[in-house]
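Visitor:
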Amino acid sequence: MKLPQTFKRTFGRRRVDFSEIRSSLWSPAPEEPNSISLQNQNLILEQYKIYVEMADRVSARRGLANTFFLTLNTAAASIGGWFNTSLQGQTRSTLALLLFVLLVQTAGWYATLRSYRQLNSAKFRVIGALEERLPASPYWRAEWKALKGGADKGLYWPMTRLEQWVPIAFSIAYIILFVTTLTGR
């Protein structure tokens, strides 16, 4: 059965080889950092600034998506709790349809967060390749080294790790609400 392979290919974690990024970044061919003309150094710096700004905008869009989905789910949970007593007379199929819609919506939220995380991960790797041609590497090497590569959770805990659990928590809450409504507990 190919379902587990398809699931792993779609949802599994894969890393792009950094050398692939480096080799495809420079046009027509990568130059040695010391042989780049002043004009090209300025162009690289401008491209770097733009690219860092683009990465920041992706993070801002992810924040807006989180705000939207969090507001939507908070409203749905509030309305669900408020209507919990009045929904007891509804048919199971109506409740199941409502649960299905809410679970699809939280799955969409999770997929959106995952997509933004993957996009930013790629952008940060490209930023690292660009920084190889700059005199300093504050964003890619120095900051990540200061954060000990994310290994020390007391020093740095990536927000993407926390935010991926929020849609899952809402899904679990919706399932619990559905079961308690059906059982009358």
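Note that the numbering used here has the sequence shown beginning at 2, numbered continuously upward.
Think of the CB as a built atom: it goes at the ideal place given N, C-alpha and C, for glycine as much as any other residue.
Determine the burial state of Phe69: buried for a count of at least 16 other Cβ atoms within 10 Å of its Cβ, exposed for fewer.
Guide: Along the sequence shown, one-based indexing puts residue 69 at 68. When all chains shown are included, Phe69 counts as exposed.
Visitor: With the cut-off set at 7 Å, would you say Gln149 and Ala56 are in Cβ contact?
Guide: Working through the sequence shown from its first residue, we reach residue 149 at position 148. Working through the sequence shown from its first residue, we reach residue 56 at position 55. Note that residue 149 is Lys in the sequence shown, not Gln. Taking 7 Å as the Cβ cut-off, Lys149 and Ala56 do not qualify as a contacting pair.
Visitor: Under the three-state reduction of DSSP, which class applies to Lys149: helix, strand or coil?
Guide: By one-based count along the sequence shown, residue 149 stands at place 148. Three-state DSSP puts Lys149 in a helix.
Visitor: With a cut-off of 8 Å on the beta carbons, I'd call Arg23 and Ala130 a contact; round off their distance for me.
Guide: In the sequence shown, residue 23 corresponds to position 22, counting from 1. In the sequence shown, residue 130 corresponds to position 129, counting from 1. At roughly 5 Å, the Cβ-Cβ gap stays under 8 Å, so Arg23 and Ala130 are in contact.
Visitor: Is Phe171 closer than 7 Å to Thr265 when the C-beta atoms are compared?
Guide: For residue 265 there is no data in the structure shown, the boundaries of the chain being 2 and 186.
Visitor: Taking the Cβ atom as the reference point for each residue, do Trp110 and Pro159 lie within a distance shorter than 7 Å?
Guide: Working through the sequence shown from its first residue, we reach residue 110 at position 109. Working through the sequence shown from its first residue, we reach residue 159 at position 158. In this structure, Pro159 does not lie closer than 7 Å to Trp110 by Cβ.
Visitor: Starting from Gly109, follow the alpha helix (DSSP H) in both directions and report where the run begins and ends.
Guide: Taking the first residue of the sequence shown as position 1, residue 109 is located at position 108. Segment Arg93 to Glu132, the alpha helix (DSSP H) holding Gly109.
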